[in-house]
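K.L.:
Each residue of the sequence shown is one higher than the one before, starting from 384 at the first, in this note's numbering.
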Amino acid sequence: MNYKIVNIRTTASVDPVDSILIIYTGGTFGMAYDDSGSLAPFNFGRVIDRVPELRGLELKLTVISFPEPRDSSNINYQDWQDMAYIIYENYSQYDGFVILHGTDTMSYSASALSYMLKGLNKPVILTGAQIPIGSIRSDARENLITALEIASAKNGNVPMVNEVCIYFNYFLLRGNRSQKIRSSTFAAFQSQNYPYLAESGIEIEYRQNYMAPHDPSAKLKLVKNFDDNVAILKIFPSINKATVESFFKIKGLRGVILETYGSGNTMNFDWFLKILEGAVKKGIIIYNVSQCSGGEVIQGRYETSKRLDDIGIISGGDITTEAAVSKLMFLLGNEKNEASIKRKLAIPLNGEMDN
Ligand code: ASP
Numbered sequence: 384m385n386y387k388i389v390n391i392r393t394t395a396s397v398d399p400v401d402s403i404l405i406i407y408t409g410g411t412f413g414m415a416y417d418d419s420g421s422l423a424p425f426n427f428g429r430v431i432d433r434v435p436e437l438r439g440l441e442l443k444l445t446v447i448s449f450p451e452p453r454d455s456s457n458i459n460y461q462d463w464q465d466m467a468y469i470i471y472e473n474y475s476q477y478d479g480f481v482i483l484h485g486t487d488t489m490s491y492s493a494s495a496l497s498y499m500l501k502g503l504n505k506p507v508i509l510t511g512a513q514i515p516i517g518s519i520r521s522d523a524r525e526n527l528i529t530a531l532e533i534a535s536a537k538n539g540n541v542p543m544v545n546e547v548c549i550y551f552n553y554f555l556l557r558g559n560r561s562q563k564i565r566s567s568t569f570a571a572f573q574s575q576n577y578p579y580l581a582e583s584g585i586e587i588e589y590r591q592n593y594m595a596p597h598d599p600s601a602k603l604k605l606v607k608n609f610d611d612n613v614a615i616l617k618i619f620p621s622i623n624k625a626t627v628e629s630f631f632k633i634k635g636l637r638g639v640i641l642e643t644y645g646s647g648n649t650m651n652f653d654w655f656l657k658i659l660e661g662a663v664k665k666g667i668i669i670y671n672v673s674q675c676s677g678g679e680v681i682q683g684r685y686e687t688s689k690r691l692d693d694i695g696i697i698s699g700g701d702i703t704t705e706a707a708v709s710k711l712m713f714l715l716g717n718e719k720n721e722a723s724i725k726r727k728l729a730i731p732l733n734g735e736m737d738n
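(1) Which term fits A707, buried or exposed, when burial requires 16 or more other beta carbons within 10 angstroms of its beta carbon?
(2) In chain order, what residues of the same chain have a beta carbon less than 8 Å from the beta carbon of D432, not counting five sequence neighbours either side?
(3) Compare the Cα-Cα distances from Q464 to each of V613, F449, S475 and report the closest residue.
(4) How many Å lie between R438 and L444 at the Cα?
(5) Does the segment 723–735 come within contact of the segment 625–633, defined as at least 3 CB pairs closer than 8 Å?
(6) For P424, which of helix, strand or coil comes out of DSSP?
(7) Return the residue from the list N540, S455, V639 that minimises the CA-CA distance to V400.
(8) Determine whether the beta carbon atoms of Y477 and S402 lie at a separation below 7 Å.
(9) On the premise that A530 lies in contact with L496, defined as a C-beta separation below 8 Å, what is that separation, rounded to the nearest angstrom?
(10) State yes or no: is the C-beta of D487 nearer than 6 Å to some heavy atom of the ligand ASP?
(11) Flag T626 as yes when its Cβ comes closer than 6 Å to any non-hydrogen atom of the ligand ASP, and as no otherwise.
(12) Note down, in chain order, each residue of its chain lying with its Cβ closer than 7 Å to the Cβ of G645, except the 5 sequence neighbours on either side.
(13) Which of helix, strand or coil does DSSP assign to P435?
(14) Could you give the first and the last residue of the continuous beta strand (DSSP E) run that contains I564?
(15) Quick one: what's P542 bridged to in DSSP?
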């Protein structure tokens, strides 16, 4: 890939000690209205001009821009691989990493990166904006400047943050626990099943108890394969047999997120359970994730989820759909056999679900 690299000249009197790499992928953050009146991403060189405050930071800042910044609706696993590879290649040269990303799929990317960057011991902070940087009321400036501050924060020589996070609208969230829940207010993200990691007010208050600890012995390893032969089946009252049957006939299908009600319940009609059973027997892996963003799947709590365990469906516990679908693609891409995929789906890979 042909990245554009820009070094930002700051006005710091002495050479700054801490260095941050910003990876610009696109998103509303750097968008402007095109001739037809739609928002489209523009070049990061122009973004820097819009945030003159960056030049006043006591940080060495480098920006790597995707050659074609894009709306995050068009991001796929190849882009996750590019982001992870840039971090991996530049890991020793920077104290932290900030990824500028569209909000629509930011939680998916954060989840994927949390699995790919094994042994991560530095901050990787994703952020973006609801209003483009060029607009007067934009939230982009605050989000970027505080994300940079968090990515460079240290306790002595040790980074405060040692994991992949989303910083947005004054809160730092664990990336693989986050979800975009609002499209029209600044408070776009939440993490229902895991406490926030920091709050930015006059000071940034970190909640160390909830954060991944620094591990001085860890070495970064990049695990990068994905298999996109997965699909999500969201059940609803009256979903019919023909729909479910044809869903499981998708060519090449290897893994399914079954989005169930409440604590993991499905209709227990015979025809439905038989289709699920047949799919599992054929080797399709089914991962049970709740449609509720708070709480967890407990297979067997109700009669309507009791059979799922017997059929061999794996409970996703309190995982989000965003973290689950990227986890399923990641495990299908990297694990050798069905048994190890199933075993790893049931436990946290990197804090995305409770033990
Ligand atoms: N559609 C945009 C994107 O995800 C929305 C945003 O950035 O807020 O790229």
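Yeah, the Cβ is synthetic: ideal placement off N, Cα and C, and Gly gets one too.
Since we're looking at a predicted model, the values are computed, not measured.
P.N.:
If we stick to the structure as given:
(1) Along the sequence shown, read from residue 1 onward, the residue named residue 707 stands at position 324. It counts as buried.
(2) On the sequence shown, position 49 is the one that residue 432 refers to. Closer than 8 Å at the Cβ level, and outside the excluded window around D432, lies no residue.
(3) Locating residue 464 in the sequence shown gives position 81, counting from the first residue. Of the listed residues, the one whose Cα sits closest to Q464 is F449.
(4) Here residue 438 refers to the residue found at position 55 of the sequence shown. Here residue 444 refers to the residue found at position 61 of the sequence shown. For R438 and L444, the distance between alpha carbons rounds to 9 Å.
(5) no
(6) Sequence index remark: in the sequence shown, residue 424 carries index 41 (1-based). Strand, per DSSP.
(7) By one-based count along the sequence shown, residue 400 stands at place 17. Of the listed residues, the one whose Cα sits closest to V400 is N540.
(8) Within the sequence shown, the letter at position 94 stands for residue 477. Within the sequence shown, the letter at position 19 stands for residue 402. Yes, Cβ-Cβ distance for Y477 and S402 is below 7 Å.
(9) Position 113 of the sequence shown, counting from 1, holds the residue named residue 496. Position 147 of the sequence shown, counting from 1, holds the residue named residue 530. In fact, because the Cβ distance is near 15 Å, the residues do not count as touching under 8 Å.
(10) Residue numbering aside, residue 487 sits at position 104 when the sequence shown is read from its first letter. At a threshold of 6 Å, D487 counts as near the ligand ASP, since its beta carbon sits closer than that to one of the ligand's heavy atoms.
(11) Translated into positions along the sequence shown, residue 626 becomes position 243. Incorrect: T626 has no Cβ contact closer than 6 Å to the ligand ASP.
(12) For this step, residue 645 is matched to residue 262 along the sequence shown. The answer, listed in chain order, is S673, C675.
(13) Numbered from 1 along the sequence shown, position 52 holds the residue referred to as residue 435. In this structure, P435 counts as helix in the three-state DSSP scheme.
(14) Counting from one through the sequence shown, the residue named residue 564 turns up at place 181. From DSSP, I564 is part of no beta strand (DSSP E); its letter is neither H nor E.
(15) On the sequence shown, position 159 is the one that residue 542 refers to. DSSP lists K537 as partners of P542.
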